[in-house]
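In the working numbering, the protein residues as written are 6 to 304. We treat Cβ as the ideally placed atom computed from N, Cα and C, and that holds for glycine. These figures come from a predicted structure and were not determined experimentally.
See the structure below:
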């Protein structure tokens, strides 16, 4: 059985600096932080996050998820979230293995199984995000995966096998229905994912829910039901979060003023933009920028 220090040493090899660190396997990254962080706003993608040291929590539509070396996290579609590292230090940095959940790889595992991996139904579906206890077999597979990356010939031969094993563990977990839908063409998760792709590409424009429903191949009522079930947000709420996340990036990274940032992401009313910004981020745009500069420095 894998010991946690072994996993930490293997992760440190590729997680040498704070932030996202690429590995020789494109689907795998190592995220590192040497200190606890404040709230960080992002749009997730379908991933499995296995923390080997430290702890983190994320909030999705107001629901809080905490994970650490004994609990992994999965997101099955792109959803707006707020996350913060809660346990980290220079001596014991936060280290998280982030494996992209690729549809083709999940389908490959499903198609290779001679019998159903785990009987599921829509009643077993738990939404776009879940946290589950780490079993020793999952940690073992991740350690072998990291060790296989050291040599190119081992990486080419063995890494796909260990990724397949990791996905097999997910597909035999209590939350298998959520992961299964990522790899199943025509599943509600895949269909809503197509609508989310359209929404993310056009979030500054007026929302046309009927167009999103057509992109998903669903009727309007079914689309609303599944969108809410999977993301826990309505399409309008989802669009607002996309707009506000991008506006915050424009304010902090490109130094736009609040009116310009709001207009650029699709708001016509500066007062409405300021109200909704403060509701999501806790402060109006100008005050949020001041807080960010005070916390992180800048001119």
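Asked	Found
Is residue 140 helix, strand or coil when you go by DSSP?	coil
So for residue 105, helix, strand or coil by DSSP?	strand
Please report the residue range of the alpha helix (DSSP H) in which residue 58 lies.	Note, residue 58: premise wrong, no alpha helix (DSSP H); beta strand (DSSP E) at 52-58.
What residue range does the beta strand (DSSP E) around residue 268 cover?	Per DSSP, residue 268 belongs to no beta strand (DSSP E); it is in the alpha helix (DSSP H), 263-269.
So, using beta-carbon positions, are residue 185 and residue 176 closer together than 8 Å?	yes
Rounded to the nearest angstrom, what separates residue 108 and residue 98 at their Cα positions?	31 Å
Compute the distance between the beta-carbons of residue 257 and residue 263, then report whether it is under 8 Å.	no
Between residue 8 and residue 59, is the Cβ-Cβ spacing less than 8 Å?	no
Check residue 127 in the structure and name its three-state DSSP category.	In this prediction, residue 127 scores a pLDDT of 47, lower than 50, which makes its location untrustworthy; the coordinate-derived value is nonetheless stated afterwards. Helix at residue 127.
Determine the contact status of residue 280 and residue 46, defining contact as a CB-CB distance below 8 Å.	no
Do the segment 37-44 and the segment 75-95 meet, that is, are 3 or more Cβ pairs less than 8 Å apart?	yes
Grab me the residues of residue 249's own chain with a C-beta within less than 8 Å of its C-beta, minus the 5 sequence neighbours each way, in chain order.	270, 281, 282, 285, 286
Three or more C-beta pairs under 8 Å: does that hold for the segment 149-163 against the segment 201-217?	no
Alpha helix (DSSP H) containing residue 239: first to last residue?	Run containing residue 239: none; DSSP gives neither H nor E here.
Going by DSSP in three states, residue 304 sits in which element: helix, strand or coil?	For residue 304, the predicted structure reports a pLDDT of 49, less than 50, and the residue's modelled location is therefore unreliable. A value from the coordinates is still provided. Three-state result, residue 304: coil.
Does the segment 186-199 come within contact of the segment 66-86, defined as at least 3 CB pairs closer than 8 Å?	yes
Go ahead and pull the three-state DSSP assignment for residue 296.	helix
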